[in-house]
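When you number the sequence shown by this note's numbering, it's gap-free, plus one each residue, and the end is 196. Below: one structure, written as structure tokens.
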Amino acid sequence: MNKKALVVVLIVILIIAAVVAIGGCLIVKFLNIEKESLTVKEFISIMEDNDFEVEEVTNQFDDADIEIEEAYVAVGEDYQIEFYTFEDDENAEMFFKVNKAKFDEDVARGRVSVNGKNYDSFSITADGEYRFVERVDETVIYLDVDEEYKDEVKELVKDELGY
């Protein structure tokens, strides 16, 4: 191999190594991102500001296997968003995993799963429905809406609730 070809190969290898290193740093940075969980008061206030009627439904889960501290449902004109608080991260993680597994059984498109430092998020589009569950610390947002509201609800959850 002549010197020019060797130099080109070395440059390509260095470029690839740099791209892999930068990508690895970005992945590590992304995984170390923390999200801030909402309080019940914040959830209620945000949802009411967006014309949802919020109702406490904690008593519906009295016999649940996972101990839910508080449960609220925000009902809008076209869909609802559920918000749960748990005594600790462990129970919230269990609730997240159970619902993720339930959603993941469907034949679907647009499956997205993200895990960060203090959160887990999963969304899926299946059977004309958009399903989303995200745990941040000891809280969980859960929704299952008609696919036609997917963009609207994603914007609300991300921009208004921060999940």
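For each residue, glycine too, the CB sits at the ideal point set by N, CA and C. This structure is a prediction, so every number in the text was calculated from the model and none was measured.
Inter-residue distance for residue 110 and residue 48 is about 53 Å (C-alpha atoms, whole angstroms). If you look at residue 178, you'll find it in the beta strand (DSSP E) that goes 172-179. A direct Cα-Cα distance of roughly 16 Å separates residue 128 from residue 70.
In the DSSP assignment, residue 78 falls within the alpha helix (DSSP H) that extends over 73-82. In the three-state reduction of the DSSP assignment, residue 134 falls in the helix class. The residue among 192, 99, 132 with its C-alpha nearest the C-alpha of residue 119 is 99. Of all alpha-carbon atoms in 117, 156, 133, the one lying nearest the alpha-carbon of residue 191 is that of 156.
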